[in-house]
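Asks:
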Amino acid sequence: MCNEYQLRVRRADYDADFRALGRDVLWRDAEPNRPPDVCFRPTDRAPILRRAGGPASLEGLEARWWLVPAFHRGRVSEWKAMCTNARIETAATAPSFRDSVRWGRCLAPVTSVFEYDTPPGWRKGQPRRRWEVTWPEDRGSGPVRFLAGLCARSCPADRPEGLDSFAVITRPAGADMARIHDRQPVLMTLSEGLDWLDLGGLDALPVPGPEGTLVLREAPRPA
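Here it is, written out as structure tokens:
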């Protein structure tokens with residue numbers, strides 16, 4: 352699962368990389384004044400990018416991380432299904448995600464993700480071990496990678512103005528992540544992310560790289 356990630360850069364730091372590839376990003380809202388060392392967790396609002404208008408246009412916006420599907424009409428709090436992650440094996444058929452697979456592709460920019468495991472001798476009730484997962488910089492997008500995401504716009508009873516939300520696609524862990532967890536989010540370079548937005552199939556999403564592609568560092572939560 353992926354339930355915590357970080358973005359230590361501002362929008363301008365990756366907007367320019369999209370423009371260099373001929374993709375214009377129009378942000379729908381102002382950039383929040385969020386400290387770069389504060390992680391994103393489920394129900395937080397986080398930046399995503401999705402297609403808008405012509406093939407070269409992208410829309411950026413802040414959306415809730417915990418997808419609420421379009422068919423939900425109750426209050427936001429009444430949507431109890433845990434929709435922060437969408438399994439790649441079932442996303443195309445799951446009622447909560449299948450429409451988003453067709454029409455709601457998005458990218459969530461990240462500079463690291465966090466995962467937890469249980470160290471030897473761990474007992475129930477004790478804190479689990481926290482790992483920060485990073486990667487070498489890419490010439491196309493610097494330290495930023497993009498999570499493959501699915502987004503939806505719904506009209507819950509307590510949000511008549513509408514709610515934009517998203518989920519992160521996960522798949523079986525590759526060699527690096529398998530040391531601590533059996534699944535991992537789909538992490539993409541900028542060019543891979545643009546292919547996803549251009550409606551490539553789920554089976555075309557990149558697979559985890561060989562051992563050594565990711566860097567895992569034990570990172571206890573700050574006191």
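The numbering of the sequence shown is this note's numbering, which starts it at 352 and goes up by one.
Cβ atoms here follow ideal geometry from the backbone N, Cα and C, with glycine treated the same way.
All figures in this text were calculated on a predicted structure; none of them were measured in a lab.
#1: Say whether the segment 466–484 touches the segment 435–447, bearing in mind that this needs 3 or more beta-carbon pairs closer than 8 Å, one atom from each stretch.
#2: Distance check for Tyr356 and Cys390, CA to CA, integer angstroms please.
#3: Run through DSSP, which three-state label would Leu409 get?
#4: Go ahead and pull the three-state DSSP assignment for Gly544.
#5: According to DSSP, simplified to helix, strand and coil, what is Phe369?
#6: What's the call for Phe422, buried or exposed, on a 16-neighbour Cβ count within 10 Å?
#7: Closest by CA to Glu562, which one among Gly552, Tyr365, Arg510 and Arg530?
#8: Rounded to the nearest angstrom, how far is the Cβ of Asp515 from that of Cys502, given a contact under 8 Å?
#9: Which residues does DSSP pair with Ser516 in a beta bridge?
#10: Per DSSP, Asp375 forms a beta bridge with which residues?
#11: Counting C-beta neighbours from all protein chains within 10 Å, is the total for Pro573 16 or more, i.e. buried, or is it exposed?
#12: Considering only C-alpha positions, which residue in the set Ala459, Cys434 and Trp430 is nearest to Leu541?
#13: Where does Asn354 land, buried or exposed, given buried means 16+ other C-beta within 10 angstroms?
#14: Taking the straight line between their C-alpha atoms, what separation do you get for Lys431 and Ser447?
#15: CB Ala508 to CB Ala437, shorter than 8 Å?
#16: Mind checking Asp527: buried by the 16 CB within 10 Å criterion, or exposed?
#17: For Glu355, which of helix, strand or coil comes out of DSSP?
#18: Quick check: what's the CA-CA separation for Ile399 versus Pro420?
#19: Helix or strand or just coil, what does DSSP make of Asp468?
Replies: Short version:
#1: Touching, no, given that fewer than three Cβ pairs across the two stretches are closer than 8 Å.
#2: Rounded to whole angstroms, Cys390 and Tyr356 show a C-alpha spacing of 6 Å.
#3: In the structure shown, Leu409 sits in a strand (DSSP, three-state: E or B).
#4: Taken through DSSP and simplified to helix, strand or coil, Gly544 comes out as helix.
#5: Correct three-state label for Phe369: helix.
#6: Exposed, since its Cβ has fewer than 16 Cβ neighbours within 10 Å.
#7: Nearest of Gly552, Tyr365, Arg510 and Arg530 to Glu562, Cα basis: Arg530.
#8: Distance from Asp515 to Cys502 at the Cβ level is roughly 6 Å; contact confirmed, criterion being Cβ atoms closer than 8 Å.
#9: Paired residues: Arg415 and Ala503.
#10: Answer is Ser408.
#11: It counts as exposed.
#12: The residue with the shortest Cα to Cα distance from Leu541 is Ala459.
#13: It is buried - the Cβ of Asn354 has at least 16 other Cβ atoms within 10 Å.
#14: Lys431 and Ser447: Cα-Cα distance of roughly 12 Å.
#15: No, these two residues do not count as a Cβ contact at 8 Å.
#16: Buried is the call here.
#17: Residue state, collapsed to three classes: coil.
#18: Approximately 17 Å, taken between the alpha carbons.
#19: Annotated three-state conformation of Asp468 is strand, per DSSP.
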